[in-house]
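Report on the following structure.
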Amino acid sequence: MAERSTRLMKILLLVLAGIYLLNCLSPIRLHVDTLRYFAIKDCLEFGCPPDSEAAKDYFPYGYTALLIILSKLHLLHSFVLILINIFYLFAGLLLMKKLFGQVLPAVVPMLLILLNWTMIKFVTHPLSEMQYIFFSMASLYFFNRYAESRRTGHLLAAFLCGGLAFLTRSVGVALIIALMTGLVGLYRQELLQLIRRNRTLVILLVLVAVGVVVFSRVLGLDHYTEVFSKQFKKGTTFSAMIKWHFTEWSEVGFNTSIVKLTPFVTLGKAKLIYLVTGILLVGGFGWLVYLRRKVIPFVVIAYLLYYTLLMFDWPFYDPRFWVPILPLIVAVICCGPFPTARLPKLFVYLACAVYVVLGVVSVGYMTYTSLNKKVMVRTQANGVYRNEYETVFFGKPLSDTAQHIDPAVLSVIQRYN
Numbered sequence: 001m002a003e004r005s006t007r008l009m010k011i012l013l014l015v016l017a018g019i020y021l022l023n024c025l026s027p028i029r030l031h032v033d034t035l036r037y038f039a040i041k042d043c044l045e046f047g048c049p050p051d052s053e054a055a056k057d058y059f060p061y062g063y064t065a066l067l068i069i070l071s072k073l074h075l076l077h078s079f080v081l082i083l084i085n086i087f088y089l090f091a092g093l094l095l096m097k098k099l100f101g102q103v104l105p106a107v108v109p110m111l112l113i114l115l116n117w118t119m120i121k122f123v124t125h126p127l128s129e130m131q132y133i134f135f136s137m138a139s140l141y142f143f144n145r146y147a148e149s150r151r152t153g154h155l156l157a158a159f160l161c162g163g164l165a166f167l168t169r170s171v172g173v174a175l176i177i178a179l180m181t182g183l184v185g186l187y188r189q190e191l192l193q194l195i196r197r198n199r200t201l202v203i204l205l206v207l208v209a210v211g212v213v214v215f216s217r218v219l220g221l222d223h224y225t226e227v228f229s230k231q232f233k234k235g236t237t238f239s240a241m242i243k244w245h246f247t248e249w250s251e252v253g254f255n256t257s258i259v260k261l262t263p264f265v266t267l268g269k270a271k272l273i274y275l276v277t278g279i280l281l282v283g284g285f286g287w288l289v290y291l292r293r294k295v296i297p298f299v300v301i302a303y304l305l306y307y308t309l310l311m312f313d314w315p316f317y318d319p320r321f322w323v324p325i326l327p328l329i330v331a332v333i334c335c336g337p338f339p340t341a342r343l344p345k346l347f348v349y350l351a352c353a354v355y356v357v358l359g360v361v362s363v364g365y366m367t368y369t370s371l372n373k374k375v376m377v378r379t380q381a382n383g384v385y386r387n388e389y390e391t392v393f394f395g396k397p398l399s400d401t402a403q404h405i406d407p408a409v410l411s412v413i414q415r416y417n
């Protein structure tokens, strides 16, 4: 029976992979940050005024570099961008499995990750999440290999991939700190001897740290203090930030946006429900990490801690923030035994069933919109770019209320669709 179930889940995984690939046919899906990436790309590739928004944008250049490379190869199109995202994601999931080894089931975690609505949504967007997942998973994998083999090449690969993750998303600083913490954990008593034996490596790491400080403006780090000050001047408070991020955990854990709950309860009640369950989810996950600390690589625990602390101090609201560590969250949940008592076991099965059903609905709807332009242009980004989409696809806006066409948005759709 167990062998038959495993075979069935492998078939489902292949079907799901095929559905993901089918979404490569989607028109380019715009997001406010997608437009920023393309603006930075054009600024670097063709030049722009030094006082323009693109020139002053604090986004790191890791994902923009990919866009420029594809542009030079004449491959910068929606199909290629989604295909690369899918490659990044599946390669990252394979590295996740290798990172956890035998303690992690082969198929179940991958199915749960691929059925999460945030993963389904953002794999089809030209954004940096999937690239970050790949480089961060590679970094953690190579560091774990180093912990087992003590081969310097593995450590260098871990920091190289960590650096690429950092250049992709600035939150990668949490990954770099986790790697350093992992080194300290490996060599509590031998740290001084390690420094003496690997002076070249230590000097290299020091130079990297100094380089991050010296080139912090180029890397976009200096801009984050300005972002914080602007947000707090607008009225953002620390208590509001904390509530936002607990709510994001509920959106990811429930496998549906809080907006989907508002037709059934008032927005105030929906916020309260998602806040309370978010607190329970974060607390429960922390307890789970503690219980399974002996089977979870130490560097993963450190990374999850630092990443979570950084995100809870970030003055914006978006469940997308948790996509980069979603594979690790699911891996931690799946790498240990499930409850054996009847009532908790029934609750786990019921929760999984609801999660899977919502995931199937999400991936089905995403694929439907990918293959139906008229529906996609009305629903993408809640219809914000509908007029520009319809102008490109149908020659004119189909909405009777269309009053404005943004030429920058129109240009992105025309060039990269």
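Read in order, the letters of the sequence shown are residues 1 to 417 in this note's numbering. Every residue gets a Cβ at the ideal spot worked out from N, C-alpha and C, and that includes glycine.
Span separating the alpha-carbon of residue i from that of residue j
i, j, result
"residue 489", "residue 65", "With the chain covering only 1 through 417, there is no way to say anything about residue 489."
"residue 382", "residue 46", "31 Å"
"residue 152", "residue 183", "12 Å"
"residue 108", "residue 334", "8 Å"
"residue 131", "residue 80", "14 Å"
"residue 328", "residue 127", "20 Å"
"residue 282", "residue 95", "25 Å"
"residue 88", "residue 344", "36 Å"
"residue 72", "residue 44", "12 Å"
"residue 173", "residue 293", "23 Å"
"residue 410", "residue 318", "25 Å"
"residue 27", "residue 83", "13 Å"
"residue 440", "residue 3", "Residue 440 lies beyond the stretch modelled for the chain, which goes from 1 to 417, so this question has no answer here."
"residue 360", "residue 347", "20 Å"
"residue 67", "residue 264", "42 Å"
"residue 202", "residue 155", "12 Å"
"residue 249", "residue 7", "32 Å"
"residue 291", "residue 372", "47 Å"
"residue 139", "residue 114", "21 Å"
"residue 310", "residue 78", "32 Å"
"residue 243", "residue 352", "25 Å"
"residue 304", "residue 325", "7 Å"
"residue 175", "residue 167", "12 Å"
"residue 14", "residue 272", "38 Å"
"residue 378", "residue 320", "21 Å"
"residue 405", "residue 395", "12 Å"
"residue 10", "residue 90", "14 Å"
"residue 63", "residue 260", "31 Å"
"residue 57", "residue 50", "11 Å"
"residue 284", "residue 362", "26 Å"
"residue 336", "residue 374", "45 Å"
Residue j beta carbon less than 7 Å from that of residue i
i, j, result
"residue 93", "residue 119", "no"
"residue 413", "residue 388", "yes"
"residue 85", "residue 123", "yes"
"residue 295", "residue 171", "no"
"residue 385", "residue 76", "no"
"residue 61", "residue 98", "no"
"residue 165", "residue 135", "yes"
"residue 274", "residue 247", "yes"
"residue 22", "residue 367", "yes"
"residue 315", "residue 241", "yes"
"residue 332", "residue 392", "no"
"residue 370", "residue 25", "yes"
"residue 162", "residue 186", "no"
"residue 420", "residue 177", "The requested residue 420 does not occur in the structure, where the chain is confined to residues 1 to 417."
"residue 125", "residue 29", "yes"
"residue 323", "residue 53", "no"
Residue i, buried or exposed, once every other Cβ within 10 Å from all chains shown has been counted against 16
i, result
"residue 116", "buried"
"residue 364", "exposed"
"residue 133", "buried"
"residue 149", "exposed"
"residue 300", "buried"
"residue 330", "buried"
"residue 302", "buried"
"residue 245", "buried"
"residue 287", "exposed"
"residue 266", "exposed"
"residue 200", "exposed"
"residue 297", "buried"
"residue 106", "exposed"
"residue 342", "exposed"
"residue 403", "exposed"
Any non-hydrogen atom of the ligand HEM within 6 Å of residue i CB
i, result
"residue 24", "The model on display carries no ligand, and the ligand HEM is accordingly not part of it."
The segment 15-25 in contact with the segment 37-44 per 3-pair CB rule at 8 Å
no
When the Cβ atoms of the segment 137-145 are set against those of the segment 268-282, are three or more pairs found closer than 8 Å?
no
Examine the Cβ distances between the segment 354-372 and the segment 248-259 and report whether three or more of them are shorter than 8 Å.
yes
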